[in-house]
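Below is one structure, written out as structure tokens; the observations come after it.
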Amino acid sequence: MTDLGYAQAPTAAREAVPRPCLGCGASMAVAADAGLHADATLTCRFCGRSETMPADAAAQDRYLRLRLMQVRRTREGLEAPLRAYEMMRQSWGFALVIFGVEGGWQLWQAFSTAGKVPISSTIFGMLGAAGVVGALVGNFGMLRAFRKLVRPLQQARPPATPGLVARCRSCGGELPPVRSTHATCGFCGANNFLDHAMARDVSALLAAEQEEYKLRATGGKLADSTLYQRPARAAYVWGASGAAAVFVVGVLLVLLCT
Numbered sequence: 212m213t214d215l216g217y218a219q220a221p222t223a224a225r226e227a228v229p230r231p232c233l234g235c236g237a238s239m240a241v242a243a244d245a246g247l248h249a250d251a252t253l254t255c256r257f258c259g260r261s262e263t264m265p266a267d268a269a270a271q272d273r274y275l276r277l278r279l280m281q282v283r284r285t286r287e288g289l290e291a292p293l294r295a296y297e298m299m300r301q302s303w304g305f306a307l308v309i310f311g312v313e314g315g316w317q318l319w320q321a322f323s324t325a326g327k328v329p330i331s332s333t334i335f336g337m338l339g340a341a342g343v344v345g346a347l348v349g350n351f352g353m354l355r356a357f358r359k360l361v362r363p364l365q366q367a368r369p370p371a372t373p374g375l376v377a378r379c380r381s382c383g384g385e386l387p388p389v390r391s392t393h394a395t396c397g398f399c400g401a402n403n404f405l406d407h408a409m410a411r412d413v414s415a416l417l418a419a420e421q422e423e424y425k426l427r428a429t430g431g432k433l434a435d436s437t438l439y440q441r442p443a444r445a446a447y448v449w450g451a452s453g454a455a456a457v458f459v460v461g462v463l464l465v466l467l468c469t
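Residue numbering for the sequence shown follows this note's numbering, starting at 212 and increasing by one per position.
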């Protein structure tokens, strides 16, 4: 444990001591496919030599892997509501084209046939257009809620010591070097958001992290865990409001045109 109170990831502990191969002298790596209750195996990618970790080191490795698994399962349970957001984000470009063409067509049909067909047919066309616009507005509300409420929770931890790399927000392990604004932790799989605040507000972020750990240790109330549900809720609220507004305004315009 460090002065900040986060658990070091097992791989970081493994990398702290060199493991030269007795066959060729190259650094050996820990096999990634070891079971939770199995002893870890060291392998050499050059000469193919394989050996089992010493009993004390293997026991510590199993213990740390178990703790990482518990941390990962807890985080995945809290962030489960974000799966709907991820699906919408991945299909956003394609859905935007489809929704735009369909919504434009239905709106044109509703106004071009106003007064020529029964009013019920025009209102039916407005229902479809309102649904499409509601889906677009709902997606916008979901993205806005994610950036405002969820993204701050996914911000990576700043380096505990100047000169080191950023740390995972979930397990505290060192993050791999990346050229994007997101980095996936190699220890627990958490997605971390990287921004300029880590370099600009290091002291404030480290102080806030210490206060968070103190709050946890004393049983205090942490951040609202329902924030991960807000993007989905925002999609429903914004979508229903947008669809209702478009439908009401569209029907009024159609009635004025007839």
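Quick reminder that beta carbons are idealized off the backbone N, C-alpha and C, glycines included.
Extent of the continuous alpha helix (DSSP H) run through residue i
i: residue 295; result: 293 to 301
Anticipated Cβ contact below 8 Å, residue i with residue j, distance rounded
i: residue 269; j: residue 251; result: 6 Å
i: residue 353; j: residue 280; result: The Cβ separation is near 30 Å, so there is no contact.
i: residue 453; j: residue 337; result: At roughly 13 Å, the Cβ-Cβ gap does not stay under 8 Å, so residue 453 and residue 337 are not in contact.
i: residue 254; j: residue 239; result: 6 Å
Close-in-space but distant-in-sequence residues of the same chain around residue i (CB under 8 Å, 5 per side omitted)
i: residue 367; result: 377, 378, 379, 380, 386, 394, 403, 404, 405, 409
i: residue 451; result: 345, 349
i: residue 226; result: At residue 226, the pLDDT of 45 sits below 50, so the modelled position is not reliable; the number obtained from the coordinates is stated separately. Counting only Cβ-Cβ distances below 8 Å, and skipping sequence neighbours, we find nothing.
Residues of its chain near residue i, where Cβ-Cβ distance is below 6 Å and the 5 sequence neighbours each way are ignored
i: residue 441; result: 356, 360
i: residue 457; result: 341, 344
i: residue 295; result: 443
i: residue 293; result: 439
Boundaries of the beta strand (DSSP E) in which residue i is found, first to last residue
i: residue 287; result: Taken as a continuous stretch (DSSP letters only), residue 287 belongs to no beta strand (DSSP E), being part of the alpha helix (DSSP H) at 266 to 289.
i: residue 261; result: 261 to 263
i: residue 404; result: 402 to 404
i: residue 242; result: Neither: residue 242 is in no beta strand (DSSP E) and is coded neither H nor E.
i: residue 393; result: 393 to 395
Selected residue, minimal CA-CA separation from residue i, among the options
i: residue 401; options: 413, 445, 364, 240; result: 364
i: residue 383; options: 358, 424, 414; result: 424
i: residue 256; options: 275, 249, 231; result: 231
i: residue 421; options: 285, 319, 371; result: 371
i: residue 415; options: 369, 275, 358, 319; result: 369
i: residue 449; options: 347, 263, 375; result: 347
i: residue 438; options: 419, 417, 407, 362; result: 362
i: residue 297; options: 466, 463, 443, 459; result: 443
i: residue 242; options: 283, 261, 229, 373; result: 261
i: residue 445; options: 373, 351, 412, 464; result: 351
i: residue 272; options: 234, 259, 249, 285; result: 249
Between the region 339 to 346 and the region 280 to 289, do at least 3 Cβ pairs fall closer than 8 Å? no
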